[in-house]
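What follows is a single structure, written as structure tokens, with notes after it.
Number of protein chains: 2
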Amino acid sequence: MIDAQAFFQPRGVAVFGSMSPGKLGAILVGRLLEGGYSQVYAVNPKGRGFAAAPGFSSVSEIGQPLDLALIAAPAVAAPAIIRDCGAVGIRAAVIISSGFSEARQPLLEEELKQAAAEAGVRYIGPNCSGLINTRFNLYPTLEAAPPSGSLSLVSQSGAMGGLICDLAGPAGVGIAKFISFGNGSDINELDLLDYLKGDDETRIVAVYAEHLGEGRRFMDIVSQISREKPVIVIKSGRTAAGQRAALSHTGSLAGADEVYTQALATAGALRADSVAQLLDMTKALSHSKPLTGGRLAIITNSGGPGVMAADSVEGNGLVLPEPSEAAQAALGRILPAHAGLANPIDLTVEGSPRQYRDALLAMLAETDAALAIYIGTPYLAALPYAEAIAEAAAVSGKPVAAHFAVGADIDSAGAYLEAAGCPCFESGERAVLALSRRRRYEQMRQAPPWRPPLIKEQQLPPYPGYILEPQVMDMLAEQGLPTLPRRFVQKRAQLAQAAAELGYPLAIKVVSPNIIHKSDMGGVKLGIADLPAAEQAYDELQAMAAELDFRGVMLYPMQNPGQELIIGFIRDPQFGPVIMCGLGGVYAEIMRDVALRVAPVDETAALAMLGELRAWPLLQGARGGPALDVAAVAGLISRFSHIPCMYPQLREGEINPLFVYREGAVIADARLLGE
Amino acid sequence: MIDAQAFFQPRGVAVFGSMSPGKLGAILVGRLLEGGYSQVYAVNPKGRGFAAAPGFSSVSEIGQPLDLALIAAPAVAAPAIIRDCGAVGIRAAVIISSGFSEARQPLLEEELKQAAAEAGVRYIGPNCSGLINTRFNLYPTLEAAPPSGSLSLVSQSGAMGGLICDLAGPAGVGIAKFISFGNGSDINELDLLDYLKGDDETRIVAVYAEHLGEGRRFMDIVSQISREKPVIVIKSGRTAAGQRAALSHTGSLAGADEVYTQALATAGALRADSVAQLLDMTKALSHSKPLTGGRLAIITNSGGPGVMAADSVEGNGLVLPEPSEAAQAALGRILPAHAGLANPIDLTVEGSPRQYRDALLAMLAETDAALAIYIGTPYLAALPYAEAIAEAAAVSGKPVAAHFAVGADIDSAGAYLEAAGCPCFESGERAVLALSRRRRYEQMRQAPPWRPPLIKEQQLPPYPGYILEPQVMDMLAEQGLPTLPRRFVQKRAQLAQAAAELGYPLAIKVVSPNIIHKSDMGGVKLGIADLPAAEQAYDELQAMAAELDFRGVMLYPMQNPGQELIIGFIRDPQFGPVIMCGLGGVYAEIMRDVALRVAPVDETAALAMLGELRAWPLLQGARGGPALDVAAVAGLISRFSHIPCMYPQLREGEINPLFVYREGAVIADARLLGE
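For the record, the sequence lines run as chains A and B.
Residue numbers for the first sequence follow the working numbering, beginning at 1 and rising by one.
Residue numbers for the second sequence follow the working numbering, beginning at 1 and rising by one.
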């Protein structure tokens, strides 16, 4: 746990760096003084002060209580400064200086890390842009000073943090704390999130990251926070080739960004695609009331913007219910005879404040939220409309968002609405999106938190580089997965008895550590009807694999093919084992119709994965086929998803195909690859 | 052609409506006078004037040259007013009054239409919000007065037009003309587009519409305009059930909004999803130079925003090429040793104006456009960076867009850039999107314009409600489509000879006007090997259809099944015949993998449709299958797409399945439905 008081409410601050006007050190001192901090001391070789802050040539000369060091000195000086700080009892430092690992100087960063460890100093940075605590007017940063509020932001990129701080005010969003963690070589995003979890000033947490080093720990802490307060994440680097994980065969179907999407959703974070979206969501989460359902009413005085907003409802988990007969009757008394009683409700350009209020009340009696759209003219006052809408929101007790545009007093109308708890958005579409995320957050926090799996790791049984099919099948069977009866025949002489035990017809497959794609090589013989055929198959397979370390053959009884599914796992560099499923044949590979989750998953999550497939209707019996045993498949996905967690040495694995029937399912082939 | 001078530069204007302060008539008079118009006359029963405009109780009393009538009087008075206007020689009217068909008073609108036709008056409206011509300070509207510029806007929704006019200024976009056409019962969007095509003040055309009554005429005029100037369309009502066309079986796979998307693309329009996007595209199209290719360089001083912008390149037709060796050498001389030489190029927070300029020049030497991202701090001036970037743009002669944020002088830096022809956007992502649309426009205008098909319409041969299979196959064969040899056997006695002519084995299908889905009813018998089997099949089919108007059976030779495709057409209410294709079986129906176009299409467009299918790799021989004869399929799609154009009585049609082989393709079954 970081020393919050030292970082966010320091009693004395030593600022290291040049105090020449315009230089970073001087700017930092200036900003601390502007914020009302008087215990600010400049430290630099010349012992030069700045403004009201006295200068010293060494931190040891200050002789006053000091909590925090702000380091803007050249990178090479940082390790020594950290040691000096430790010597005078400073336990917290923010290192803004750059020139470390990001500038190809990893040794200097290592030296810094070691110096800090030895001196007992925890630091944020280096190569960061500082921090902000609006509550105590603490702005040791180059970034803009945002208005005070409830959003705290942890950002890998200083510029992105500065941009958000700069845009927050105009967007009507206030900031509690901002921390740029830069290289994060000591205190990183996980430590900061852990701190913000318990920080009372912080009601909403936002994260900007391009990369998450420890995916599962991030999911764990986010999952804990998101039960108490919303977490919004911008994860960029969605498409850059360098950010793409090297995923295997089935993994490449989805792409690593989809892993992030699923991991963030599993942890209960809301993912934002842009700064504007992050601020919109923050607004909906801080200004408006929770949505207890997804039923939305739209009241507008202009058809066009109403239609645009309605278009954005689809696919966002909200619905626009038509008014009930009771509501229609109430609306009929309020609205002119020719007004349509559909949702959106168009009051037309003649809509009065009273009509807005009454129409909102009539609709909110049976919906969970409302969006009020008002497009005025430059000649008319919008405030009476804002007042009427706020009144309806207060009376109904339900969340109401607004899109207000064009009007003599449009800014004050917007401010009135926001002060009354009705957030205003730049368009109806953006309002709908923000409300939908507020709704999603409420739904998500009902779910039990995600916890990193507590699975006892096991050593993989010894295997010759590539795990042979008999061993793969035994491992799957051990986990309770439905395998076929089988015999591993290593000598031709054993063939007759093994075949007789299983019964004809048989499938016979070659076993070799050098043959992965057996079918492509002609290593699978099907419909073997009797012993002579079995012996011929054995001989052919042995001949085929003569130079490929032939180990024998696997015998299986022939199986009626069912609907084919593929279930696979890969090891994501950030999130570890990821489980995926899709229909076999062309569906997964060509049509790219796959669903994935961070492993392991329970049966509920596995069923949700199946439901996400575009091909889902085929499992339910579309086109005259039978309804298949999806419960069995879900159980099987769940059990298979535990295997990579148990055996960390497994790099990837695949059941391909799984035959699924009306009742039950069985593994027709599978492979597991070790490291 | 509308009388442009009367509408957009009228010599004298008569304003009908109440002149009480705050009333619409008075506001309109006020806005005309503000714009410098002196020949403004108020007409109302009281003969009351407003401000400098004298009042009259009848338009006939004015006795001055009059070009335009502005009507804000009650709807019921409008027909008489129009007649009075015609009597004094006014030939143009803008009817702002509402209370016509939109208020369930279609008869009043019909009366208005007739009065105007008789009086020789052309009108815009009713139920519109007026028009704007910034060039002559003409603002007979309630909407905001935007800055003058090159964008002209035609909007069905007055409020949406008002919103765009209101947001244009802050977004850095100027308006030439704005026309709200409301109910459009006389002059509609087509007339207005036809006018704007030849209007020299208009360099970019924008349309807001919820509905396009005459889709093909709209495509025709847009296609003509878009060779000369860009056309941007917001088409809303994308999801509302009421907007959805009643599409048949295969048509419902895509949804009518996809028809709009394809129709607009075919006509060469750029589709915008929001007002913000429309303004961004306008900016890219009016401020920056054309992109002659899709290669984009991103130069930034902050990693995060650079990564966000890079993420938005994918899927938008642009690429971020890595610098060549020559460019790397040039960049190496400019940038600090640790800077990455990848694209985006991150100058880091220390990037100087000179580095921006030199890095831009190095990259622009081998790319088609650049995006410069600058995120400053509130303490530093951004203008030197703007100057350096504008210099690089001027020297290179290539389009450069910018995202500038945070800085002591950020607004003037942005203004400097825009004045220098480098448009600034609210985020890097929005800049990339806008540049990509500028590129798309340049690509599109190279293509030949779309013209409404010149196909001689023919009368459908007489048919009994539902077109019988023998006739369907004859019609397809007549169009040169590959049908199978066949015999239509209406009497059991003819069976033997017909079967012998075709040769066994045969497929036999029932023919009945009451059986559409033959297979589902057991109306198809396959693999008929000899005459007794054929006779048995005939008897069974006759018995099955005994109560269903049995007409006989069709005989076909059995065919090796190929890859199955579906090719269908439907009749879209806005755009008429729409052709679509997809793979058979589950692909089209369950996986919703279909491509569509407004019919007819040529072979190039048909091939593009096939290429859009997710299943396209299957046609090219993925997964070990053969490469199929896509050229034959494209030809066949093209020929089939002419059929609904030839026979306007055909409501829908479907080839299902088409068997496609390595060489050639053949129609295995087809149906055509008349009205």
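From the three backbone atoms N, C-alpha and C, an ideal C-beta is built for every residue, glycine too.
Inset, instruction - Check distances from the C-beta atoms of the segment 617 to 646 of chain B to those of chain A and list, in chain order, the residues that come in under 9 Å. - result: From the segment 617 to 646 of chain B, only P617, L618, A622, R623, G624 have a Cβ closer than 9 Å to chain A.
Legend entry - Residue closest to E109 (chain A), alpha-carbon to alpha-carbon, out of A:V259, A:R439, A:A77, A:L296: Ranking the options by Cα distance to E109 (chain A), first place goes to A:A77.
Inset, instruction - Alpha carbon to alpha carbon, how far is N343 (chain A) from A369 (chain A)? Give it in angstroms, no decimals. - result: Near 13 Å, if we compare the C-alpha coordinates of N343 (chain A) and A369 (chain A).
Legend entry - Contact under 7 Å by Cβ, C422 (chain B) with A390 (chain B): A distance below 7 Å separates the beta carbons of C422 (chain B) and A390 (chain B).
Legend entry - Partner residues on chain A for V40 (chain B), Cβ-Cβ distance less than 8 Å: In chain order: nothing, as chain A lies at least about 18 Å away.
Inset, instruction - Determine whether the Cβ of A144 (chain B) lies closer than 7 Å to any Cβ atom of chain A. - result: Cβ-Cβ to chain A under 7 Å: yes for A144 (chain B).
Inset, instruction - Taking G315 (chain B) as the reference, give the member of B:L435, B:A26, B:Q39, B:Q542 with the closest Cα. - result: Ranking B:L435, B:A26, B:Q39, B:Q542 by CA distance to the CA of G315 (chain B) puts B:L435 first.
Legend entry - Interface flag, V259 (chain B) vs chain A, CB-CB below 7 Å: Not one chain A Cβ lies under 7 Å of V259 (chain B).
Legend entry - Cβ shell of R295 (chain A) (< 7 Å), same chain only, five flanking positions each side left out: Only V319, P321, T367, D368 meet the Cβ criterion.
Inset, instruction - For chain B, find out if any of its Cβ atoms is closer than 7 Å to the Cβ of P573 (chain A); answer yes or no. - result: Interface annotation, P573 (chain A): not in contact with chain B, CB-CB separation never under 7 Å.
Inset, instruction - Can you tell me which of A:Y37, A:P230, A:R31 puts its alpha carbon nearest to the alpha carbon of Y139 (chain A)? - result: Nearest neighbour of Y139 (chain A) by Cα position, chosen from A:Y37, A:P230, A:R31, turns out to be A:R31.
Inset, instruction - Please state whether DSSP places R346 (chain A) in a helix, a strand or coil. - result: The sequence as given places Asp at residue 346 (chain A); Arg does not occur at that position. In the structure shown, D346 (chain A) sits in a strand (DSSP, three-state: E or B).
Inset, instruction - Could you tell me the distance, in whole angstroms, from the CA atom of M1 (chain A) to the CA atom of E214 (chain A)? - result: Here the alpha carbon of M1 (chain A) sits roughly 17 Å from the alpha carbon of E214 (chain A).
Legend entry - Against chain B: residues of the segment 175 to 191 of chain A by CB proximity under 9 Å: For the segment 175 to 191 of chain A, which is checked against every Cβ of chain B, not one residue is closer than 9 Å.
Inset, instruction - Using a Cβ cut-off of 7 Å (strictly closer), state whether R295 (chain B) contacts chain A. - result: With 7 Å as the cut-off, R295 (chain B) does not count as an interface residue toward chain A.
Inset, instruction - For P305 (chain A), return the contacting residues in chain B, with the cut-off set at a CB-CB distance below 8 Å. - result: S157, A159, M160, L163, listed in chain order.
Legend entry - Limits of the alpha helix (DSSP H) - the one that P323 (chain A) falls within: In this chain, P323 (chain A) is not harboured by any alpha helix (DSSP H), its DSSP state being neither H nor E.
Legend entry - Residue-level contact to chain A via CB, A405 (chain B), 7 Å cutoff: With 7 Å as the cut-off, A405 (chain B) counts as an interface residue toward chain A.
Inset, instruction - Taking P378 (chain A) as the query, report the chain B residues whose CB atoms sit under 9 Å from its CB, ordered along the chain. - result: Neighbours of P378 (chain A) on chain B, chain order: L142, E143, A144, A145, G162, D166.
Legend entry - Limits of the unbroken alpha helix (DSSP H) element including L636 (chain B): Start and end: 630 to 646.
Legend entry - Entirely enclosed beta strand (DSSP E) segments - the segment 93 to 149 of chain A, minimum 3 residues: Within the segment 93 to 149 of chain A, the complete beta strand (DSSP E) runs of at least 3 residues are 122 to 124, 131 to 133.
Inset, instruction - Note down, in chain order, each residue of its chain lying with its Cβ closer than 6 Å to the Cβ of F8 (chain B), except the 5 sequence neighbours on either side. - result: Excluding the 5 residues flanking it on each side, F8 (chain B) has same chain C-beta neighbours closer than 6 Å at N133, in chain order.
Legend entry - Interface flag, G25 (chain A) vs chain B, CB-CB below 7 Å: With its beta carbon at least 7 Å from every one in chain B, G25 (chain A) lies outside the interface.
Inset, instruction - Give a yes or no on whether the minimum CB-CB distance between I375 (chain A) and chain B is below 7 Å. - result: At a cut-off of 7 Å between beta-carbon atoms, I375 (chain A) makes contact with chain B.
Inset, instruction - Could you give the DSSP three-state label for I334 (chain B): helix, strand or coil? - result: The answer is helix: DSSP assigns I334 (chain B) an H, G or I state.
Inset, instruction - Output yes if chain B places a C-beta closer than 7 Å to the C-beta of E210 (chain A); else output no. - result: At least one chain B Cβ lies under 7 Å of E210 (chain A).
Inset, instruction - Please compile the residues from chain A whose C-beta is within a distance smaller than 9 Å of the C-beta of V676 (chain B). - result: Residue 676 (chain B) lies beyond the stretch modelled for chain B, which goes from 1 to 675, so this question has no answer here.
Inset, instruction - Label K46 (chain A) either buried or exposed according to how many other C-beta atoms from any shown protein chain fall within 10 Å of its C-beta, with 16 as the threshold for buried. - result: Exposure of K46 (chain A) is indicated by the presence of fewer than 16 other C-beta atoms within 10 angstroms of its C-beta.
Inset, instruction - For the segment 535 to 550 of chain B and the segment 563 to 575 of chain B, state whether three or more C-beta atom pairs, one from each stretch, are separated by less than 8 Å. - result: Counting Cβ pairs under 8 Å, fewer than three are found: no touch.
Inset, instruction - Mind the definition here: the segment 576 to 593 of chain B touches the segment 603 to 617 of chain B only if three or more C-beta pairs lie below 8 Å; say whether that holds. - result: Flag = yes, the segment 576 to 593 of chain B and the segment 603 to 617 of chain B touch.
Legend entry - Residues in the segment 303 to 331 of chain B having any Cβ partner in chain A nearer than 7 Å: Taking 7 Å as the cut-off between beta carbons, the residues of the segment 303 to 331 of chain B near chain A are G303, G304, P305, V307, M308, A310, D311, E314, in sequence order.
Inset, instruction - Quick one: which residues of the segment 272 to 296 of chain B get their C-beta closer than 9 Å to a C-beta of chain A? List them in chain order. - result: Per Cβ criterion, the list reads D273, S274, V275, A276.
Inset, instruction - Would you kindly report the start and end of the unbroken alpha helix (DSSP H) that includes A310 (chain B)? - result: Looking at the DSSP string, the run of the alpha helix (DSSP H) that includes A310 (chain B) is 303 to 311.
Inset, instruction - Would you mind telling me which residues of chain A sit closer than 8 Å to A615 (chain B), beta carbon to beta carbon, in chain order? - result: Simply V586, I590, M591.
Legend entry - Three-state secondary structure assigned by DSSP to M580 (chain B): The answer is strand: DSSP assigns M580 (chain B) an E or B state.
Legend entry - Runs of beta strand (DSSP E) lying entirely within the segment 519 to 584 of chain A, each at least 3 residues, in chain order: Every beta strand (DSSP E) stretch that sits fully inside the segment 519 to 584 of chain A and reaches 3 residues is listed by chain position as 524 to 528, 552 to 557, 563 to 572, 576 to 583.
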